[in-house]
Amino acid sequence: MCRAGVGSLSALLFTALPAVFAGSVKPAAKPTTDLTVILDFKGPHSPKSVAAMERETQAIFKGTGVRLEWRSLNEASSSSITDLVVVSFNGSCELPHAPLDFELGPLASTYETDGQVQPFSEVSCDRVGAFVRSGLRSGDFAQSDSLLGRALGRIVAHELVHMLTGATQHSDEGVFKSGLTVEQLVAGQLLLSPGDIERLRSRP
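Per my numbering, the very first residue in the sequence shown carries number 375; after that it's consecutive.
This is the structure we're talking about:
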């Protein structure tokens, strides 16, 4: 389906948390409870890709004891939510119409403050879109929204493992590897490793 290229999935950011969220976010949910994922899109995005992203992330987290609910930032601002994480999407979350030059680097990042992983992540949609497009072939473009959504779902799942377990070291297999090829992001099935599932199920 795709040409292989390697993208770095995650880099932890050492930074202060945005003041707007200070004191309003509790630690991520315990197993068997619901976790609300707040989606904050900074630029254009395809509804089909977003729906595919949510389905893919849900599928990856099956069996972890973590039930995901999805809200936009606007929806969250008018609701009372206790257990949540925030994922911001910077740039355009749509597949580019033409190949773009881009520098390889982290496709997403999760915040860390004073040695503690925080419930905030950022996805570089421009970089993700350009990276995914670089590996697609002509027959793939008919399902480009679904493929981009699948890639985003795997990236979001990766960042959720950081946020929920506090892990700063990656796994050797599965969606929580430090780097994945385009094919691994969009083709077939990519799940959590058994060790990562156990960490999610047994977290305090």
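Note that beta-carbon positions come from the ideal geometry of N, C-alpha and C, so glycine has one too. Since this is a predicted model, take the numbers as computed values, not measurements.
#1: Leaving out the 5 sequence neighbours to the left and right, which residues in its chain are closer than 6 Å to residue 404 when beta-carbon positions are compared?
#2: Is the CB-CB distance between residue 465 and residue 417 below 8 Å?
#3: For the putative contact between residue 491 and residue 544, defined by C-beta atoms under 8 Å, what is the C-beta separation to the nearest angstrom?
#4: Here's the rule I'm using: 16 or more other beta-carbon atoms within 10 Å means buried, otherwise exposed. How should residue 560 be labelled?
#5: Expressed to the nearest angstrom, what Euclidean distance is found between the alpha-carbon atoms of residue 483 and residue 557?
#6: Could you tell me if residue 487 is buried or exposed, where buried requires 16 or more neighbouring beta carbons within 10 angstroms of its beta carbon?
#7: Return the chain-ordered ranges of every alpha helix (DSSP H) run that is complete within the segment 517-553 and spans a minimum of 4 residues.
#8: Per the contact definition of three or more C-beta pairs closer than 8 Å, is the segment 468-475 in contact with the segment 434-448?
#9: In whole angstroms, give me the CA-to-CA distance for residue 523 and residue 500.
#10: Between the Cα of residue 581 and the Cα atoms of 438, 467, 578, 452, which residue gives the shortest distance?
#11: My output table needs one value for residue 555: the three-state DSSP class, helix, strand or coil.
#12: To the nearest angstrom, how far is the alpha carbon of residue 461 from that of residue 552?
#13: Quick one: is residue 600 buried, meaning 16 or more other Cβ sit within 10 Å of its Cβ, or exposed?
Judging by the given coordinates:
#1: Start at 1 with the first residue of the sequence shown, and residue 404 comes out as number 30. Caution is warranted here: a pLDDT of 45 is assigned to residue 404, below 50, making its placement in the model unreliable, and no coordinate value can be reported.
#2: For the purposes of this step, residue 465 is taken as the residue at position 91 of the sequence shown. For the purposes of this step, residue 417 is taken as the residue at position 43 of the sequence shown. Cβ distance < 8 Å, so residue 465 and residue 417 count as in contact.
#3: In the sequence shown, counting from the first residue as 1, residue 491 sits at position 117. In the sequence shown, counting from the first residue as 1, residue 544 sits at position 170. That belief does not hold up - the Cβ atoms of residue 491 and residue 544 are roughly 13 Å apart, past 8 Å.
#4: For the purposes of this step, residue 560 is identified with residue 186 of the sequence shown, where counting begins at 1. Buried is the call here.
#5: For the purposes of this step, residue 483 is taken as residue 109 along the sequence shown, with counting starting at 1. For the purposes of this step, residue 557 is taken as residue 183 along the sequence shown, with counting starting at 1. For residue 483 and residue 557, the distance between alpha carbons rounds to 21 Å.
#6: By one-based count along the sequence shown, residue 487 stands at place 113. Burial call: exposed.
#7: Taking only runs of at least 4 residues, the alpha helix (DSSP H) segments lying wholly in the segment 517-553 are 518-539.
#8: no
#9: Residue 523 sits at position 149 when you count from the first residue of the sequence shown. Residue 500 sits at position 126 when you count from the first residue of the sequence shown. Using only the alpha carbons, I get a separation of about 13 Å.
#10: Limits of the chain in this structure are 375 at one end and 578 at the other, which puts residue 581 out of reach.
#11: Taking the sequence shown and counting its residues from 1, the one referred to as residue 555 is at position 181. In the structure shown, residue 555 falls within a strand segment according to DSSP collapsed to helix, strand and coil.
#12: Your numbering for residue 461 matches position 87 in the sequence shown. Your numbering for residue 552 matches position 178 in the sequence shown. For residue 461 and residue 552, the distance between alpha carbons rounds to 19 Å.
#13: The shown model of the chain, from 375 to 578, leaves out residue 600, and the question about it has no answer.
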